[in-house]
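Protein chains in written order, with the working numbering: chain A, 1 to 799; chain B, 1 to 213. Let me begin by presenting the structure, written as structure tokens, before commenting on it.
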Amino acid sequence: MNAAASPPRRFDPRRIALACWLVLVVITATIAVRTRYVADLSAFLPSTPTAEQAVLLDQLRSGVAARLVLIGIEGGTEEERADTSIALAGALRKSGAFDAVHNGDNAGFEETARFLFEHRYLLSPAVDAQRFTAEGLRDGILDTTSLLGTPAGALVKPVLLRDPTGETLRMAEGMLPAQSPRSDGRVWISRTQPRAVMIATTHADGSDIDAQERALQLIHERFAPSAARGLELKVSGAGTFAVSSRAQIKTEVERLAIAGGVAIVGLLLVAFGGSLRTLLLGLLPVASGVLAGIAAVSLAFGNVHGITLGFGTTLIGEAVDYAIYYLIQARAAPGLAASTGARQWIAGNWPTVRLGLLTSVCGFAALLFSGFPGLAQLGLFSVAGLAGAAFTTRYVMTALSPDGAPGSALRSRLGKGVGAATALVQRLRWPLAALTIAAVVAVAWLPSPWRGTLSSLSPVGAAQLALDSELRGDVGATDPGMLVAVAGRDEASVLAAAEAAGSKLDVLVASGAVGSYASPARMLPSPALQLARRSVLPEAQVLRTRLAEATADGPLPASRLDAFVADVQAARSQPLVTRAALAGTPLNAALDALLVPGSGEHPWRALLTLAAGAKPLDVAALRAAVADVPGAQVVDISGELASIYGRYLHEAIFQALFGALAVCALLVLHLRSAARFWRVVMPVAASVVIVIAALSLAGVALGILHLVGLLLTVAIGSNYALFFDQLRTQADAHVGDAAYTVDNDTLASLALANLTAVISFCLLALSSIPALFSIGEVVAPGIALCLVLSAAFIPTRKT
Amino acid sequence: MPIPLLLPSPQSRDRRRALAGLVSLAVACTARAQSAFDLTQLMRLLAQVKSGTATFTETRNVAMLDKPLESSGRLSFEAPDTFVRETLKPRAERIAIAGNSITLSQGTRSRSMSLDAAPEAAILVDAIRGVLSGNREAIEKKFVTSVAGSADRWTLEMLPRDARLREKLVSVRVSGKQASVLEVAVAMADGDRSLMRIEPQTAVTDPAAGAPK
């Protein structure tokens, strides 16, 4: 420091500020290093669901749909594909990472079949009082024997003597899916391509992406020997999407951070004449801002999402703006002592920068109230980051470099160039105004562009989606578009409720309104029903008498049915089947898909998935049908997702308007002048309208993320308008005969700051992740327009 | 065709012998012309029937049972691939086949499945449907065929080509008269046999349909 200045004080505020800053940097760096980074898309699912949405989110996060892996085997001959399918299925079953593997080969089902057979008198839907009367026995035996001599007879024959009334068949009827894939005699094959198909359910939850990744890895490893023989493996499913989008987010964020960093560093070097010192100084607010952002999000949310980081790379472009403003604007005025630049800047320009910071913070703060945790993270990251960057500029840079950036060669050229451009742009004021009006007309006249859907948030590519729908079609695993959910206090009551709902659905199936449905109560009837069935089983002597009558002139003599009588006797004292009893059997996986045990205050839930018949499902009719089953809800999954998104779009619109209003209120408070307020708001509003019009005309479907982008445009663009307003105010306040000359340095700093911000949002716009490019494609043109329109509409020269 | 007797007259015994030889030659020629009734001609005949209904009685001999199983009911067919069998005795049940789907109904319960998901059932359906619609390519693709008899009384025997399916279904033998199918006999690999006798009731024919393309 200059010896001529005041003697150094021990508690020099600048030194204290530097010390505090260093401490904060160390703390936030530690937090940032130890923070947990996640990259799954559930951050973009809403966090305050209704009861129906709770069921839906349950399903999406950890339901069977989220654990399905669809596998296709292509190449080679039909024999080879079938052999590979059988080998791969066996290997996957043995690996323990999969609950169930279905490939059309019945090899894995002996255990299940045996379990069902042994408990047939408790599980079969045909067992009722009528069944064991002489009439009922005769009808049952006739029904079963009528299948003999046909291809179906092969299934019936082995157990005919022990199960003459065909309970096994009745159970199978209820449990077989309505849509089976095509079979080549050994395994499932596609109906449209030369491909063997199979379906596997991972043991791991759908939301545990690491485990999903390991499961997928396992499939590829077990397939490797077949791959060596020229066969090809195709895999799809929700887990695949989650794993690949996580990988995509990771690489994108790295790319953005590197590209953003390189671009900004390059720009700073060029603008400040290659001075490394200036570059490092300029990067201080950036680094502080990023650390502050990460630490704040980590402390508030417990993790930092990859998309937040990706978005946070734009913070580099915005934070460096503060550095640029300071470095360019804080030069010592000619004639004043050195080291006074900082003080002058603090007095003159800092209020404008501070106001700009506040408007930006208002805009981002509106995101904090969003129902999507992902967006709330974006908001907090930006608020903390911008505040950190601004205050670092105010306290640290002023201390370290009191005269701003040394040298002015390029700056003055840049300043002059921008001055000339500003004059040019001001001559274009009327054409630009006309453009604004045309945009307003276009927005009013075109149909609403707010057509975005939840699927537009997903980064999964079109080719992957096409493969997925092909494999689903092959296997018949179409997403359950609709289901009926029932709740109960415990296992028994929820199963009873499922049975009640099932009987209502049976009526609809008979009338054709519903194609078919799956219910956990088919695999596990409620204890009450099992008891009822057990109680109608007659004792040995009674049964023999009735059998004699039933088989009197039938094809199957009663004398050969001793095993049947013995089995019925055993069933009379069989323990009831419970969920625990099924736990060791392969049926467990199928049951778990439809029966969700409760815990604490969460009730038990049973899900009945519906499949449409010839006609599409009618939600209203379904709701009416299950209305009197207590606790039953009809959950229309795709409808729910669409309405969730619609609701959040509405909420987001309100939040965005609220944010914009907060910005306006802030401006009014600080500017205290209607004219000035109008001057600042007009260019920003105009650029928002022009961006909306341009995207509508281009046919882009706007969604929540575009709305977020518009909010950011307002928050960031208002900074430029404020600076132009400041210049105008200075011009207006200028007294004296000499003409007021525009401060070219301020213009240069604005142009440079705008350029860095536009570059970082342009990088976002080039990303392949919808969440990021939606924001980028709105903000990049938006803030560029803000600058141009501010220059045009806020006259800085008295003519 | 009368043979002109413009022969010189040697000894009468030789003449008789020569005459007998010529007559038997003529008969043999005619007979061969008649037994050239083959699959193509049979399919052409059958393809003329566009739709029809019939009643049937079926007897099944199953090794496990003491007595044969008897059933009876109605059949209906509509080209090219719709076939319905309605059993009335001893228990009412209905099997409807249309395209790739088969619907089984018993009382109030009914269940639909895709045929191609159950190849063992599909092969039998292919045989019957192929015959009824006169679809030669479909039958030849899946079965080794042999035709015997004449147009007035023919028999078509079909053996599945696929080795795995032959392990379940041994043969399907269809016999009939002209364009009517009168009997279907199915032999399963485990020794079970079924014989269905059919009495046609109505038939809608389209003679042009059988013309060679």
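All C-beta atoms in this analysis are idealised placements derived from N, C-alpha and C, irrespective of residue type, glycine included.
Distances from the CA of Gly-631/A to each of Ser-382/A, Ala-496/A, Ser-760/A, Ala-540/A were compared; the closest alpha carbon is that of Ala-496/A. Three or more beta-carbon pairs drawn from the region 289-306 of chain A and the region 375-392 of chain A are found closer than 8 Å, and the two stretches are therefore classed as touching. When C-beta distances to chain A are compared with 8 Å, the residues of the region 53-73 of chain B below that value are Arg-60, Asn-61, Val-62, Met-64, Leu-65, Asp-66, Lys-67, Pro-68, Leu-69, Ser-71, in chain order. The contact set of Met-113/B on chain A, defined by CB atoms closer than 7 Å, consists of Ser-180 in chain order. The alpha-carbon of Ala-87/A is positioned some 40 Å away from that of Gly-639/A.
Considering only beta carbons, the part of the region 185-208 of chain B lying closer than 8 Å to chain A consists of Val-186, Met-188, Asp-190, Asp-192, Arg-193, Ser-194, in chain order. Contact between the region 248-260 of chain A and the region 760-767 of chain A is present: three or more C-beta pairs spanning the two stretches fall below 8 Å. For Arg-170/A, the CB contacts under 8 Å within the same chain, skipping 5 residues up- and downstream, are Ser-124, Pro-125, Ala-126 in chain order. Residues of chain A with a Cβ closer than 9 Å to the Cβ of Ala-121/B are, in chain order, Thr-150, Pro-151, Ala-152. Ranking Arg-91/B, Val-84/B, Lys-89/B by CA distance to the CA of Ile-102/B puts Val-84/B first. His-102/A sits in a strand when the DSSP states are folded into three classes. If you draw a straight line from the Cα of Lys-416/A to the Cα of Leu-789/A, it is about 19 Å long. With fewer than 16 other Cβ atoms from the protein chains shown falling within 10 Å of its own Cβ, Cys-20/A counts as exposed. As a beta-bridge residue in DSSP terms, Thr-87/B pairs with Gly-73/B, Glu-93/B.
The residue from Phe-793/A, Ala-757/A, Leu-785/A with its alpha-carbon nearest to that of Ala-263/A is Ala-757/A. Interface annotation, Asp-81/B: not in contact with chain A, CB-CB separation never under 7 Å. DSSP places Met-188/B inside the beta strand (DSSP E), whose first and last residues are 180-188.
In this structure Asn-106/A is exposed. Its beta-carbon is surrounded by fewer than 16 other beta-carbon atoms within 10 angstroms. Burial state of Thr-144/A is buried, judged by a 10 Å Cβ sphere holding 16 or more other Cβ atoms. DSSP places Glu-74/A inside the beta strand (DSSP E), whose first and last residues are 68-74. Using a Cβ-Cβ cut-off of 7 Å, Pro-557/A counts as an interface residue toward chain B, since at least one Cβ of chain B sits closer than that to its own. By the Cβ test, the region 131-146 of chain A is not in contact with the region 224-235 of chain A, since fewer than three Cβ pairs between them sit closer than 8 Å. Against chain A, a Cβ distance below 7 Å from Gln-106/B picks out Asp-143. For Pro-90/B, the closest Cβ of chain A is nearer than 7 Å. Ranked by how close their Cα comes to the Cα of Gly-302/A, the residues Leu-722/A, Ala-323/A, Leu-380/A have Leu-380/A in first place. Val-174/B places its beta carbon 7 Å or farther from that of Ala-189/B. Per the coordinates, the alpha-carbon of Arg-120/A lies some 21 Å from the alpha-carbon of Ala-500/A. Taking the Cβ atoms as the reference, Met-158/B lies roughly 24 Å from Lys-157/A, outside the contact range of under 8 Å. If you check the CB distance, Val-443/A and Ala-792/A do not come in under 7 Å. In this model, Thr-278/A and Tyr-395/A are separated by some 16 Å (Cα to Cα). Contact of Ser-245/A with chain B is not assigned, every C-beta pair being separated by 7 Å or more. Under the rule that a run must span 3 or more residues, the beta strand (DSSP E) segments found entirely inside the region 470-550 of chain A read 482-488, 516-518.
Judged by DSSP secondary structure, Phe-56/B falls within the beta strand (DSSP E) whose first and last residues are 49-61.
Beta-bridge partners assigned by DSSP to Thr-201/A: Leu-68/A, Ala-100/A. Rounded to whole angstroms, the separation of the alpha carbons of Val-286/A and Val-270/A is 18 Å. Between Ala-784/A and the set Val-635/A, Asp-745/A, Ser-718/A, the nearest pair of CA atoms involves Ser-718/A.
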